[in-house]
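Accompanying notes for the structure given below.
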Amino acid sequence: MPLQPHLERCRKYLDRCRFHPEEKRILAIGDSWLSLPGNLWPGKNVVELLKDREWTASHGARPMNVLSFAHPGKELKHMARDIDLHQGLAFLQDLGDRRRIEYRFEAVIVTGGGNDILPFPDRYIGGPHGTGAILEGPLSAAMDDITASWRDLLKLVAPWECPVIAHGYGPVTPTRKSGDIIIPFLGIGPWVGKYLLDELGLTVARGKELIGAVIDRLNATMDAIDGLTWFDARAVVDAIAPADWHDEIHFFEPGWKKLTERWLEAIDAAIGRAPVSAVATARRAGRRKAVDLTPQFKALRPFTRDAVNEALARDEAAPKRAGKRAVAKKAVAKKAAAKKPVAKKAATKKAKPRR
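When we follow my numbering, the leftmost residue of the sequence shown carries the number 1, and every step to the right adds one.
Shown next as structure tokens:
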């Protein structure tokens, strides 16, 4: 029975840690701004671009080994309690220690907060029909919740003692149109357009101004959080050509590439861009200290810990099963060979000498 997908990603991450020690080791947590298109429309997402050795090399960056727990639609308030993340980090810790593989993250990259805000424009924008206004009370309360959620997430990844890098979101142009995906008759979005344009009767320009004010507050809130390495992505997003937008808040691959280039700059600024040879030599010289997991990892809920233990047992048993299969395969081949009829040599009669 194969590992669950999120645990299989951890195993593959460890394999790359072992065979490619020169790669930057990154943990990714977040929403669609790290995980889409995700086969819903053509193109690579941010995580896939960061892991693409040729693409990163073309930008003069070190290759990256990224373990991602990002999912479309994920809300920041749920990220610190995500079961897949808890299981994955515990599995990574245990399996890495058993295999004696250096697995510590050099950085954590996060996209979060957009799904806590953007799908609910009616909570933060109201006012007279045709003009609209920011609802200051609800928006301030939402920013307090965002701050608390970020602190929970920062506490969760604190044992790795590495920078946590994040960006806010960029300008949104309200639209009534959804974005097409590969599933027929389905699309994604819009998130703000129908409410701002139809229910409030705003112009596109006024709607963009108001939702932009909400996004600016989100960026300012993130920038003020201690322990979070925030960078501003608004100029990059604003410069993405209209043809490169898939829907109201997502892009086609050219747009994701522009955003990923900004990610490269932020990661390099946070952890440096050492030459590959120097990094590999330093890594092989010895392991860094083991991760000291906080009590929230050590005392995982029973069903979470049981799943991790089961996955570890399955991983340990895999080589044994492979060995047994190989032995059985040889036995079958040997038995089949024994059953094959042996060609009889033609008897040769000795000619009697003539007298």
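Virtual Cβ for every residue (Gly too), placed ideally from N, Cα, C.
{"Check": "Continuous beta strand (DSSP E) assignments of at least 3 residues falling wholly in the segment 44-87", "Outcome": "64-68"}
{"Check": "Euclidean distance between Cα positions of Glu102 and Val47", "Outcome": "21 Å"}
{"Check": "Residues bridged to Trp230 (per DSSP)", "Outcome": "Ala166"}
{"Check": "Option nearest Trp41 by Cα separation, candidates His246, Ala307, Ala107 and Ala220", "Outcome": "His246"}
{"Check": "Simplified DSSP state of Phe91, which is helix, strand or coil", "Outcome": "helix"}
{"Check": "Residue burial classification, Phe368 (beta-carbon count within 10 angstroms, cutoff 16)", "Outcome": "Nothing in the structure corresponds to residue 368, since the chain is present only between 1 and 355."}
{"Check": "For Ala107: DSSP bridge partner residues", "Outcome": "Ile26"}
{"Check": "Cβ pair Leu7, Ala311 closer than 8 Å", "Outcome": "yes"}
{"Check": "Selected residue, minimal CA-CA separation from Gly212, among Gly255, Leu156, Ala307 and Ile125", "Outcome": "Ile125"}
{"Check": "Residue of Leu200, His86 and Val237 minimising C-alpha distance to Asp122", "Outcome": "Leu200"}
{"Check": "Three or more C-beta pairs below 8 Å linking the segment 16-29 and the segment 64-78", "Outcome": "yes"}
{"Check": "Coarse secondary structure for Gly179, derived from DSSP in three states", "Outcome": "strand"}
{"Check": "Met79 and Gly168 closer than 8 Å at C-beta", "Outcome": "no"}
{"Check": "Continuous alpha helix (DSSP H) stretch holding Glu136: start and end", "Outcome": "Glu136 to Val157"}
{"Check": "Other residues of its chain near Asp82: CB distance less than 7 Å, five sequence neighbours each side excluded", "Outcome": "Phe69"}
{"Check": "Cα-Cα separation, Pro2 to Asp238", "Outcome": "43 Å"}
{"Check": "Residues of its chain near Thr175, where Cβ-Cβ distance is below 6 Å and the 5 sequence neighbours each way are ignored", "Outcome": "Pro190, Gly193 and Glu248"}
{"Check": "Assigned exposure category for Lys12 - 16 Cβ within 10 Å defines buried", "Outcome": "exposed"}
{"Check": "Residue burial classification, His129 (beta-carbon count within 10 angstroms, cutoff 16)", "Outcome": "exposed"}
{"Check": "Residues sharing a beta bridge with Ala133, DSSP", "Outcome": "Gly126"}
{"Check": "DSSP three-state assignment for Phe120, whether helix, strand or coil", "Outcome": "coil"}
{"Check": "As assigned by DSSP and simplified to three states, the class of Trp263", "Outcome": "helix"}
{"Check": "Cβ contact (3+ pairs, closer than 8 Å) linking the segment 146-163 and the segment 105-117", "Outcome": "yes"}
{"Check": "N-terminal and C-terminal residue of the alpha helix (DSSP H) that Pro5 is part of", "Outcome": "Pro5 to Phe19"}
{"Check": "Delimiting residues of the alpha helix (DSSP H) encompassing Trp33", "Outcome": "Ser32 to Ser35"}
{"Check": "Buried versus exposed, by CB contacts within 10 Å (16 or more), Phe185", "Outcome": "exposed"}
{"Check": "Phe251 - partner residues in DSSP beta bridges", "Outcome": "Trp245"}
{"Check": "With 16 other Cβ atoms within 10 Å as the buried cut-off, status of Val332", "Outcome": "exposed"}
{"Check": "For Ile181 and Ala28, the rounded distance between their alpha carbons", "Outcome": "24 Å"}
{"Check": "Val214 - containing alpha helix (DSSP H), residue span", "Outcome": "Val204 to Asp223"}
{"Check": "Buried versus exposed, by CB contacts within 10 Å (16 or more), Ala220", "Outcome": "exposed"}
{"Check": "Cross-strand partners of Gly187 (DSSP beta bridge)", "Outcome": "Asp180"}
{"Check": "Alpha carbon of Pro138 to alpha carbon of Val214, nearest angstrom", "Outcome": "11 Å"}
{"Check": "Burial state of His59 (16 or more Cβ within 10 Å)", "Outcome": "exposed"}
{"Check": "Identity of the residue in Gly170, Arg206 and Trp230 nearest Lys258 by Cα", "Outcome": "Gly170"}
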